[in-house]
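What follows is one structure encoded as structure tokens, with my remarks underneath.
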């Protein structure tokens, strides 16, 4: 039964990585520069990934689910803050819409789904037997895939964020990458 819950965690990781890959696509290919609140929402998704990754490697634990849920709550609060900035009629949203809603609205809905999913899956006590560490070599194929994709997506997010913001605070309304501007001044 433990393998089933590990595979569910792996599936959740792959889905979240797909969302993060989509945001990177919109940023790099579509030219949608993320604002600091958008980057905090991405950090919330990475926090959820970390909690699920701990479940995959060390076995499902309530503490790991709590970490993922706290990250989702912080991400949802950040997305709700951004929604509230643009809720006044006539106030333009930040970035382009996707199927009629802005990315931060989709992020809020995703965080609500994550919180609901974690609340449901964490209620099954069968998964909380003696925790067992499973090295990468001994992971199931879904587990290995989820781990590799997670590390690739998180590394790409770190690099893209550094290229945008550099070593200092990110601009409120970015229009160019810090790294490219830095090299143009040399």
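In the UniProt record's numbering, the protein residues as written are 1 to 186. Cβ atoms here follow ideal geometry from the backbone N, Cα and C, with glycine treated the same way.
**Message:** Is there a Cβ of chain B sitting closer than 9 Å to that of residue 63, yes or no?
**Reply:** Going by chain labels, chain B is absent from the structure shown, which holds only one protein chain.
**Prompt:** Among the residues of its own chain, which have a CB less than 6 Å from the CB of residue 41, if the five just before and after it don't count?
**Reply:** 75, 78, 79, 107
**Prompt:** Going by alpha carbons, who is nearest to residue 197 out of 50, 58, 37, 31?
**Reply:** Residue 197 lies beyond the stretch modelled for the chain, which goes from 1 to 186, so this question has no answer here.
**Request:** With a floor of 4 residues, list each alpha helix (DSSP H) that falls wholly inside the stretch 29-65, ordered by position along the chain.
**Result:** Within the stretch 29-65, the complete alpha helix (DSSP H) runs of at least 4 residues fall at 36-58.
**Request:** Can you say whether residue 1 is buried or exposed, counting buried as having 16 or more other CB atoms within 10 angstroms of its CB?
**Result:** Below a pLDDT of 50, predicted positions are generally treated as unreliable, and residue 1, at 47, falls in that range; the measurement from the model is reported next regardless. Residue environment for residue 1: exposed (fewer than 16 other C-beta atoms within 10 angstroms of its C-beta).
**Request:** Round the Cβ separation of residue 35 and residue 174 to the nearest angstrom and send it over; I've been treating them as touching at under 8 Å.
**Result:** Taking 8 Å as the upper bound for CB-CB distance, residue 35 and residue 174 are in contact here, some 7 Å apart.
**Asked** Going by the beta-carbon positions, is the gap between residue 147 and residue 33 smaller than 9 Å?
**Response** no
**Request:** Using a threshold of 9 Å, state whether the C-beta atoms of residue 157 and residue 70 are closer than that.
**Result:** no
**Prompt:** Are the CB atoms of residue 86 and residue 64 nearer to each other than 9 Å?
**Reply:** no
**Asked** Which value, in whole angstroms, describes the spacing of the CA atoms of residue 9 and residue 159?
**Response** 25 Å
**Message:** If contacts are defined as beta-carbon pairs under 8 Å, then residue 46 and residue 114 qualify, I think. What distance do you get, rounded to the angstrom?
**Reply:** Wrong, their Cβ atoms sit about 12 Å apart, outside the cutoff.
**Prompt:** Who are the Cβ neighbours of residue 136 in its own chain at under 7 Å, not counting the five residues just before and after it?
**Reply:** 144, 147
**Asked** Smallest Cα separation from residue 164: which of 154, 172, 62, 178?
**Response** When each option's Cα is compared against that of residue 164, the closest is 178.
**Message:** Alpha carbons only, please: which of 60, 180, 73 is nearest the one belonging to residue 121?
**Reply:** 60
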